[in-house]
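Residue numbers (the working numbering), protein chains in the order written: chain A, 424 to 1079; chain B, 1223 to 1356. Quick reminder that beta carbons are idealized off the backbone N, C-alpha and C, glycines included.
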Amino acid sequence: MPLYGATLLNLSVGLAILALVVLVIYVKKGDYRLFLTGQRAALGVSFLILLASVTLVANLIKGNFDIDFVAQYTSSATPIVYKFAALWAGQSGSLLFWVLILSFYTTLVIFQNRVRHQQLMPYVMITLVAIMLFFLILVNFVSNPFKPVEVDFVIRDGLGLNPLLQNWAMAIHPPILYLGYVGFSVPFAFAVAALISRRLDALWIRTMRRWTLFTWLAMGCGIILGGYWAYNELGWGGYWAWDPVENASFMPWLTATAFIHSINIQKKKNMLRIWNMVLIIATFLLSIFGTFLTRSGVVSSVHSFTQSSIGPMLLGFFLFVLVVCIFLVLYRLKDLRSEIRMRSFLSRESGFLFNNVVFVGLCFAVLWGTLFPIVSEAIQGTQISVGIPFFNQIAIPIGLLLLFLTGVGPLLAWRRTSRESLIRNFSIPFLIGVVTFLVAFVLGIRSIYPLITLSLSFFVLCAIGLEFYRGVRVRIRKLGENVVLALTRIISKNRSRYGGYIVHVGVVLMFIGFAGKAFDVDHEWTMEVGDEVKLAEYTIILTNVREEERPNHHAWIASLLITQNEKTITQLYPEKRIYFHRNPDPNRRQPHSELDIYSTFKEDIYAVFGGFNTQKNLVSLKMMVNRLVRWIWVGGYLLLFGTVIALWPIKMKRGE
Amino acid sequence: MDVKKKFPIVIISIAFLLVLWVVLGFEGNELPYVTIQELKELKSSQPGKRFRLGGNIQEGSIVRDSHDQLDLTFVLEQGDESLRVTYHKIVPDMFKEGIEVIVEGYYVNGKFQADNIMTKCASRYQGDLREANT
């Protein structure tokens, strides 16, 4: 079996090289048959990769422990869902998964553009196949998932997947994240193709925008899902730690966000073509750089994979692409150059530009903070990292600036906003913002960041609300529609714009959720049954601890009664589990805290069963009150919903 | 100066301010990743300075206080060097003797007062195929 999989991978390398050669010759000679051959070869490579992946998954599910990867990440006891998900559990499998997703995207791009973009497609395919070729080389020669196990005894069972990872969120987080990470290759390929062929017409913009928006969405959902999983499973009570691997995914998302905003200027005013090109290239480069950071072990991180020669190869690929792209952009600089026709600072163009500077600035700040340990080690010999305090300190004000722009931007007119227009659009939201500030202050909130966040949030919500209101009102007056119909129609007729507004509302809600952090409280205690402790406005009583023997683990379940002013709020049942508890070797037993959360829109009451002293019946308990966290997840849903609306295709009528 | 000329100046100024902002952020937030040997070469008390260390938990060195279960000491070892570490919080699930950890905290009177302990994210179960098959 491993022979088939490895052979398929070898064949795909050969076919990819063939595809590249044929397409390059086509570009020189122009014989259309070469184009078709190259296209079919590219599809063939994708098909081979699919077959290889299916082979690996089949081996995982069957439990063929002769393959090292299968033995490392599954066992006969692993549930079938996680045997399938084991495909992305380790280095080599996840690399194959990466190139599998890239092959799906390549196939989709080829089919979507059977007729369109004929001048661009050869270069698009060359780029995509070249990227696939690189990862295929990695998978074949550096980190091969079909590598046979190298031991001198008969393998009867594998190691199995760590129970900590056997969780639904852990199963879907990597695929969704990869849809983003890998997906950035597609707009990149179109950008490279446009640069080489000098075709930058309106249709290209539409294609670029849609692909970037989709991959941006996937990346965003992947990132939020990662935070959700960390918060709900890992027990440290947080959702974002500014860990290098987290930052690696955040940076390309930031430049992609800048792009989906600035592309509007290019669409409307045909400006900023060089800048947009640079943003797309930067996004792809950052995703490769992110892969490098994650897999090379260069920066210490709790997410680190093991080191291998993969680090230098990824870095080499990154540098190669960087050099090629710099060359390409400089080569076509004359064609790309457009006039910056800025009339006023109070214009939408200016707003978008400012937005871009801030997003790229934040990306740069995160990059510097992430790379600082490497740089300091090179210069001073010590790895000096800057932890969560640094990132929060610099990112929060930048984030608030972005929040402000979110409200202001859409209210500015193209070219120049008149004084009357400013007053008309801004007075009510501004007023609401000020009122929010005063109300919050009076209610006892004195910390400056939460005050500003809340004021800006309501400023933005009001501004967006007014946009919806005005749009609906016009339709009601002119077309006689009722409110619901008017609302549906206006969103449907301006999907980009109103979808974007919905996304912005989601972002505002997330900021409100972040602001809650300023009011979080937590504490840890050692308790006996019957003990009572207090946290913030709540009283917590440990009423009981019972034991339970389950199929693959042993559990202690603590019963906690949470009350406020004598009234019962809820009961929580955090657990301490031991997996592999029957193993005679105590070092092989795997403890795991299964936390319990009582979640409302106001706050989450979060309980972690830290440890249990069986001799003295002592419970180590950690309790947290995390304010407003739920708004982050609600905001995330709106982000998804809004982007889907913006992406929803409009049926083009003939003649339009 | 009309807008067209002012524009690049504004953009560059904002960019410059951002760089300044980031550089200022480093002040007071630096966390050196040191070895035990480097730490011992400094004065035995570094008030207010946070450090980060990696190493393994020495076998048999984990001691919990009998009255306060959260009170914990262990010995961190790196090759030949070792360092006493104290900690007063709930430990991560993977925490046990022999494993690799990263600790952050303060170096006081020759001992390390940790306020954060991190174990590696389990990308796979730590074990040996040979052991799994016996």
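Limits of the unbroken beta strand (DSSP E) element including residue i
i: D758 of chain A; result: Per DSSP, D758 of chain A belongs to no beta strand (DSSP E); it is in the alpha helix (DSSP H), L756 to L759.
i: H1015 of chain A; result: Q1013 to E1017
i: R1050 of chain A; result: L1041 to R1050
i: E1277 of chain B; result: Here residue 1277 of chain B is Gly; the residue named in the question, Glu, does not match the sequence. G1277 of chain B -> beta strand (DSSP E) spans R1272 to I1279.
Among the options, nearest to residue i - alpha-carbon criterion
i: A705 of chain A; options: A:T717, A:W676 and A:R718; result: A:W676
i: N563 of chain A; options: A:R1000, A:Y1029, A:N536 and A:L519; result: A:L519
i: K1228 of chain B; options: A:Y449, A:S672 and A:S773; result: A:S773
i: L623 of chain A; options: A:L759, A:A509, A:L561 and A:L587; result: A:L759
i: Q541 of chain A; options: A:N567, A:A617 and A:Y604; result: A:A617
i: Y1309 of chain B; options: B:G1276, B:G1327, B:R1272 and B:G1250; result: B:G1327
i: V444 of chain A; options: A:F492, A:A553 and A:L769; result: A:A553
i: L884 of chain A; options: A:R463, A:T986, A:M933 and A:S841; result: A:M933
i: M700 of chain A; options: A:S710, A:F743, A:A612 and A:N1036; result: A:A612
i: V1256 of chain B; options: A:R1053, A:E904, A:S808 and A:A863; result: A:S808
i: G658 of chain A; options: B:I1279, B:L1242, B:S1267 and B:K1311; result: B:K1311
i: I925 of chain A; options: A:A429, A:I875, A:W627 and A:T829; result: A:T829
i: S841 of chain A; options: A:L823, A:R771, A:S799 and A:L790; result: A:R771
Cutoff 7 Å: residue i Cβ touching any chain A Cβ
i: L1275 of chain B; result: no
i: V1244 of chain B; result: yes
i: E1281 of chain B; result: no
i: P1269 of chain B; result: no
i: E1299 of chain B; result: no
i: K1311 of chain B; result: yes
i: F1229 of chain B; result: yes
i: E1303 of chain B; result: no
i: L1294 of chain B; result: no
i: F1238 of chain B; result: no
i: D1337 of chain B; result: no
Under 7 Å between C-beta atoms of residue i and residue j
i: F1296 of chain B; j: V1307 of chain B; result: yes
i: R1011 of chain A; j: F1003 of chain A; result: yes
i: I619 of chain A; j: Y546 of chain A; result: yes
i: I1028 of chain A; j: V1048 of chain A; result: yes
i: L432 of chain A; j: A475 of chain A; result: yes
i: N778 of chain A; j: H684 of chain A; result: yes
i: R1286 of chain B; j: L1253 of chain B; result: no
i: L983 of chain A; j: I1001 of chain A; result: no
i: E1017 of chain A; j: E998 of chain A; result: yes
i: F558 of chain A; j: V605 of chain A; result: no
i: V565 of chain A; j: I440 of chain A; result: no
i: T949 of chain A; j: D1290 of chain B; result: yes
i: L737 of chain A; j: F715 of chain A; result: yes
i: V944 of chain A; j: L958 of chain A; result: yes
i: L500 of chain A; j: I578 of chain A; result: The question names Leu, yet the displayed sequence has Ala at residue 500 of chain A. No, the Cβ-Cβ distance between A500 of chain A and I578 of chain A is not below 7 Å.
i: L1292 of chain B; j: E947 of chain A; result: yes
i: L1051 of chain A; j: G936 of chain A; result: yes
Limits of the unbroken alpha helix (DSSP H) element including residue i
i: E1299 of chain B; result: Careful: E1299 of chain B lies outside any alpha helix (DSSP H), inside the beta strand (DSSP E) at L1294 to Q1300.
i: K692 of chain A; result: P667 to K692
i: M593 of chain A; result: W591 to G606
i: F768 of chain A; result: No alpha helix (DSSP H) holds F768 of chain A; DSSP gives it neither H nor E.
i: G804 of chain A; result: Premise fails: G804 of chain A is in no alpha helix (DSSP H) and is neither H nor E.
i: H927 of chain A; result: R918 to A938
i: M631 of chain A; result: A625 to E656
i: T986 of chain A; result: No alpha helix (DSSP H) contains T986 of chain A, which is instead part of the beta strand (DSSP E) from H976 to Q987.
Interface flag, residue i vs chain B, CB-CB below 7 Å
i: R893 of chain A; result: no
i: Q803 of chain A; result: no
i: G410 of chain A; result: Absent from the model: residue 410 of chain A. The displayed extent of chain A is 424 to 1079, so no value can be given.
i: S374 of chain A; result: Outside the shown range of chain A (424 to 1079) lies residue 374 of chain A, about which nothing can therefore be said.
i: Q816 of chain A; result: yes
i: F569 of chain A; result: no
i: M765 of chain A; result: yes
i: G832 of chain A; result: no
C-beta neighbour in chain D for residue i, strict 7 Å
i: Q1291 of chain B; result: No chain D appears in the structure shown, which is made up of the protein chains A and B.
At least three beta-carbon pairs within less than 8 Å, the segment 687-694 of chain A to the segment 792-800 of chain A: No, because fewer than three Cβ pairs between the segment 687-694 of chain A and the segment 792-800 of chain A fall closer than 8 Å, the two stretches do not touch.
Contact the segment 1053-1067 of chain A vs the segment 642-656 of chain A: 3+ CB pairs below 8 Å: Two segments are said to touch when three or more pairs of C-beta atoms, one from each, lie closer than 8 Å; by this definition the segment 1053-1067 of chain A touches the segment 642-656 of chain A.
Cβ contact check for the segment 908-916 of chain A and the segment 868-881 of chain A: 3 or more pairs under 8 Å: Judged by Cβ distances under 8 Å, the segment 908-916 of chain A makes no contact with the segment 868-881 of chain A, as fewer than three pairs qualify.
Given 8 Å, three or more beta-carbon pairs between the segment 529-542 of chain A and the segment 510-517 of chain A: no
Segment contact, 8 Å Cβ cut-off, at least three pairs: the segment 912-926 of chain A with the segment 1062-1072 of chain A: yes
At least three beta-carbon pairs within less than 8 Å, the segment 445-456 of chain A to the segment 568-583 of chain A: no
Any 3 or more C-beta pairs closer than 8 Å across the segment 594-608 of chain A and the segment 631-643 of chain A: yes
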